[in-house]
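Residue numbers (my numbering): 1032 to 1124.
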């Protein structure tokens, strides 16, 4: 079975490069990169929290995909990036 992975990149150009690196590591594996989170088995959100607007966008995006996960309990939500490093406890809640 092929697992489908979607990504959402927030913030700076470095995050875009990091996301491309993550997705590139999936080439030749049992994972297929898709562009639509609603079609994915897993969603990777590469976060940013450098400024307040980015932090708000990060929280809203995580909550949006978490809401999608309620309807699809098998959906995997993977959160990466600087918000994870800075707010790991809060994000787990």
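From the three backbone atoms N, C-alpha and C, an ideal C-beta is built for every residue, glycine too.
Is residue 1081 near the ligand ADP, with its Cβ less than 6 Å from a heavy atom?
As for the ligand ADP, it is missing from this structure, which has no ligand bound.
Spatial neighbours of residue 1040 within its chain, please: C-beta separation below 7 Å, excluding the five flanking residues on both sides.
Along the chain shown, one-based indexing puts residue 1040 at 9. If we look at residue 1040 and ignore the five residues flanking it on each side, its Cβ neighbours are 1046, 1047, 1050, 1077.
Grab the span of the beta strand (DSSP E) containing residue 1063 for me, first residue to last.
Translated into the one-based positions of the chain shown, residue 1063 becomes position 32. 1062-1064 is the extent of the beta strand (DSSP E) around residue 1063.
Do you know offhand how far residue 1117's Cα is from residue 1043's?
If you number the chain shown from 1, residue 1117 lands on position 86. If you number the chain shown from 1, residue 1043 lands on position 12. Cα-Cα distance, rounded: 16 Å.
Contact check, residue 1071 vs residue 1036 under 8 Å by CB: the rounded distance?
For this step, residue 1071 is matched to residue 40 along the chain shown. For this step, residue 1036 is matched to residue 5 along the chain shown. Confirmed, Cβ separation roughly 6 Å.
Identify which residue in 1038, 1080, 1059 has its Cα closest to the Cα of residue 1065.
Numbered from 1 along the chain shown, position 34 holds the residue referred to as residue 1065. That would be 1038, whose Cα lies nearest to the Cα of residue 1065.
Using a 10 Å radius around the Cβ and a threshold of 16 neighbouring Cβ atoms, would you call residue 1059 buried or exposed?
Locating residue 1059 in the chain shown gives position 28, where the first residue counts as 1. Burial call: exposed.
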